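Residue 112 is where the sequence shown starts when you use the working numbering, and the numbers rise one by one after that. Every residue gets a Cβ at the ideal spot worked out from N, C-alpha and C, and that includes glycine. Note that the coordinates shown come from a computational prediction; the quantities given were computed from them, not determined experimentally. Working notes, structure below.
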Amino acid sequence: MEFAGKDRKVSEWIEGVQKNRGINAELTLDYCRKIEEYAKEKENKALLGFSYYHSGETYYGLNDSEKLFQYISKALTCLDESEQWE
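In structure tokens form, the structure reads like this:
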């Protein structure tokens with residue numbers, strides 16, 4: 112998934128999510144929160160969907176079904192609106 116116009120810090124956060132997913136939930140969620148804040152500020156639905164998806168995936172690993180469904184539902188909405196299905 113490519114994100115047009117992302118800056119270096121966002122690239123680092125995305126890389127942090129990808130390196131830590133399934134290994135360090137706290138760090139993954141921290142990166143996701145940073146991405147979410149940036150994406151909301153820039154109104155970037157694709158990036159917001161990325162953040163929500165990986166937050167949901169992390170909550171799945173933490174066995175928190177309420178947050179899993181909350182974030183995956185948000186992710187699907189954003190990904191549909193931005194036509195990102197990779």
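| Check | Outcome |
| --- | --- |
| Smallest Cα separation from Arg119: which of Ala186, Tyr149, Glu168? | Tyr149 |
| Below 7 Å between beta carbons: does that hold for Ser193 and Lys156? | yes |
| Would you mind sorting Phe180 into buried or exposed? The rule is 16 or more other CB atoms within 10 Å of its CB. | exposed |
| Buried or exposed: where does Gly167 fall if 16 or more other Cβ atoms within 10 Å of its Cβ makes it buried? | buried |
| Comparing alpha-carbon positions, which option in Glu177, Asn174, Ser162, Tyr170 lies nearest Thr188? | Ser162 |
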